[in-house]
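The sequence shown begins at 1 in UniProt numbering and counts up by one.
Beta carbons: idealized from backbone N, C-alpha and C, even for Gly.
A short write-up of the structure that comes next.
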Amino acid sequence: MDYERVRETDPDVAAALDGEVTRQQDSLAMIASENHVSEAVLEAQGSVLTNNYAEGYPGKRYYGGCEYADDVEQLAIDRAKELWGAEYVNVQPHSGSQANMGVYLAVLEPGDKILSLDLTHGGHLSHGHHMNFAGQHYEVEQYELDEESGRLDYDAIREHAEEFDPDIVVSGYSAYPREVEWERIQEAAEAADAYHLADIAHITGLVAAGEHPNPVGVADFVTGSTHKTIRAGRGGIIMSREEFADDINSAIIPGMQGGPLMHNIAGKAVGFGEALDDDFDEYAAQTVANAKALAEGLQERGFDLVSGGTDNHLVLVDLRPSHPDTTGKTVEEALEDVGIVLNANTVPGETRSPFNPSGFRAGTPALTTRGFDEADMATVADCIADVVDHPDDEDVKAEVAEIVQGLCDAYPIYEDLA
Ligand SMILES: *Cc1c(COP(=O)(O)O)cnc(C)c1O
């Protein structure tokens, strides 16, 4: 990563960029929503398409000069259709949250009803949190996980839907380590004559590679972020049936956006192209295998996992049984000291505050991109356990920091690191 020209004209920003390159290289990104995109995706996202105004859609733009923008957007759309099997794709949402907003704008009126998972149980802000636009403009009720099993209770969701009579049921989650049975949520939505939005932000890549069941063709709308497991750089995407194309297109523009971020759409096109390659299926399978290895390693060290394990790319640890006096924030901070970056997270039946909750979430997408395998994940699990067992012991932390640095050195993220 050479930010030579930035360094010449703006040393302050260059210093921060250099610092970030080093931080990523010298730490383990275990935030479950993060990944490392390829240099090709970085190049595309840093391309001259940032200069271009392409309001409209391929072939139907408001301004001239969009011939290459059309090519790029059409490539992104066609590749997404192939990856997820969707009839209709919109690659213009600036992020996953905007993708959700686009669906709401397309089919809901202000005051309509949303049924979604509670944020502290693994939902997302854009599913109707009271501080979010969705919570402010729609009437929201939320379902919860079964506290005993840590899993979705599909019968309860269906009963809730029959009682609340929502206009849309939202599925898809930020901290749920298990497979989602889309058909069961679809049944709940149908029981209330509601639409079903499946938000696969986290698991886009796993779904594309067949590592998780695909909601496309089951739910009415499928949304996602493009920078998580699919590894195509920052952005959002909406997929649906052809019948909703006009409503969604006009919800995005003029409904909520002006010009699309064409440079990001170029990143999506390149990243989706990479994901169509067989290597990507291996990557996704390894991501899941690594999460299982991490889960087993932590369980061997006495940690309690919400739902007892994982089917996807993340684990959610409930600290209360094994470390009743340790909070998620303590863990997050102690691990950051040794170069392991993950986040404190609420757990089902949370008894502490969301700012200092009782659990932590750890994901494997970024480490798997670097080349980590199951044996490495066992090492990482021991590193985490050693620090959580002794969060204030500087000797333990120094030893772990050395192991972490060794792993970072063994798996460079980018070849031409400055
Ligand atoms: C990450 C996430 C989103 C979107 O987040 P953005 O940062 O706006 O891309 C939406 N839904 C869920 C469930 C998520 O985890």
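Beta-bridge pairing of residue i - partner residues as DSSP gives them
| i | result |
| --- | --- |
| Gly363 | Leu314 |
| Ser171 | Ala198 |
| Glu20 | Its beta-bridge partners do not exist; DSSP assigns none. |
| Arg61 | Gly56 |
| Asp389 | According to DSSP, which records beta bridges pairwise, Asp389 is partnered with nothing at all. |
| Asp304 | Asp318 |
| Leu42 | Per DSSP, none; premise fails for Leu42. |
| Ala29 | Val341 |
Top-ranked residue by Cα proximity to residue i, from the options
| i | options | result |
| --- | --- | --- |
| Val72 | Thr226, Ala134 and Ala54 | Ala54 |
| Ala192 | Ala198, Ile157, Asp277 and Val37 | Ile157 |
| Gly135 | Gly122, Gly111, Arg151 and Val89 | Gly111 |
| His310 | Thr351, Leu298, Leu276 and Glu144 | Going by the sequence as given, residue 310 is Thr instead of His. Here the closest residue by C-alpha is Leu298. |
| residue 480 | Met262, Asn132 and Ala106 | In the structure as shown, the chain starts at 1 and stops at 418, and residue 480 therefore has no counterpart that could be examined. |
| Glu374 | Ala293, Ala385 and Asp318 | Ala293 |
| Val41 | Gln257, Asp155 and Gly273 | Gly273 |
| Ala385 | Leu319, Pro357 and Gly371 | Leu319 |
| Glu150 | Gly308, Phe355, Val380 and Ala334 | Here residue 150 is Gly; the residue named in the question, Glu, does not match the sequence. Nearest C-alpha to Gly150: Gly308. |
| Val341 | Met30, Ala251, Tyr3 and Ser322 | Met30 |
| Asn35 | Val140, Ala14, Gly371 and Ser358 | Gly371 |
| Leu108 | Pro391, Pro93 and Ala251 | Ala251 |
| Asp277 | Cys66, Gly56, Glu82 and Glu336 | Glu82 |
| Glu39 | Met1, His137, Ala295 and Val13 | Met1 |
| Gln257 | Val21, Glu20 and Tyr57 | Tyr57 |
Between the CA atoms of residue j and residue i - distance to the nearest angstrom
| i | j | result |
| --- | --- | --- |
| Ser47 | Pro254 | 25 Å |
| Gly102 | Gly224 | 12 Å |
| Glu190 | Asp167 | 10 Å |
| Ser240 | Leu367 | 31 Å |
| Tyr62 | Val207 | 35 Å |
| Ala188 | Gly217 | 16 Å |
| Glu183 | Ala219 | 8 Å |
| Ser174 | Gly59 | 36 Å |
| Asp382 | Glu144 | 32 Å |
| Asp10 | Asn264 | 23 Å |
| Arg23 | Glu394 | 21 Å |
| Ser27 | Glu415 | 16 Å |
| residue 464 | Asp146 | Since the first and last residues shown for the chain are 1 and 418, residue 464 lies out of range. |
| Asn356 | Ala334 | 14 Å |
| Ala289 | Pro321 | 26 Å |
| Gly96 | Asp165 | 26 Å |
| Thr50 | Asp392 | 47 Å |
| Pro412 | Gln25 | 6 Å |
| Glu162 | Asn249 | 31 Å |
| Asp155 | Ile185 | 9 Å |
| Gly64 | Ala344 | 48 Å |
| Asn100 | Glu242 | 18 Å |
| Glu8 | Ala15 | 11 Å |
| Ala418 | Asp12 | In this prediction, Ala418 has a pLDDT of 46, which is less than 50 and means its spatial position is unreliable; what the coordinates show is noted afterwards. For Ala418 and Asp12, the distance between alpha carbons rounds to 16 Å. |
| Lys329 | Leu197 | 32 Å |
| Glu402 | Gln74 | 47 Å |
| Cys66 | Ile77 | 16 Å |
| Phe360 | Tyr176 | 12 Å |
Residue i and residue j closer than 9 Å at C-beta
| i | j | result |
| --- | --- | --- |
| residue 438 | Val338 | Any answer about residue 438 is impossible in this case: the structure gives the chain only from 1 up to 418. |
| Ala69 | Gly267 | no |
| Gly123 | Gln142 | yes |
| Val404 | Ala362 | no |
| Gly271 | Thr326 | no |
| Val222 | Asp199 | yes |
| Tyr104 | Ala209 | no |
| Ala32 | Ile237 | no |
| Pro215 | Glu179 | no |
| His127 | Ser116 | yes |
| Ala232 | Val388 | no |
| Ile114 | Glu148 | no |
| Gly235 | Ala201 | no |
| Ile203 | His313 | yes |
| Ala285 | Glu211 | yes |
| Pro324 | Gln92 | no |
| Pro365 | Gly205 | yes |
| Phe280 | Tyr88 | no |
Item to check | Whole alpha helix (DSSP H) elements within the segment 185-249, 4-residue minimum | outcome: 204-208
Checklist entry - What are the uninterrupted segments assigned as beta strand (DSSP E) that are 3 or more residues long and contained completely in the segment 323-376, given in chain order? => result As far as the segment 323-376 is concerned, its whole beta strand (DSSP E) runs of at least 3 residues are 343-345 and 359-363.
Checklist entry - Fully enclosed by the segment 84-154, which beta strand (DSSP E) runs are 3 residues long or longer? => result 88-90, 113-117 and 139-143
Next on the checklist: Which complete alpha helix (DSSP H) runs does the segment 246-301 hold, if anything under 4 residues is left out?
Outcome noted: 262-275 and 278-300
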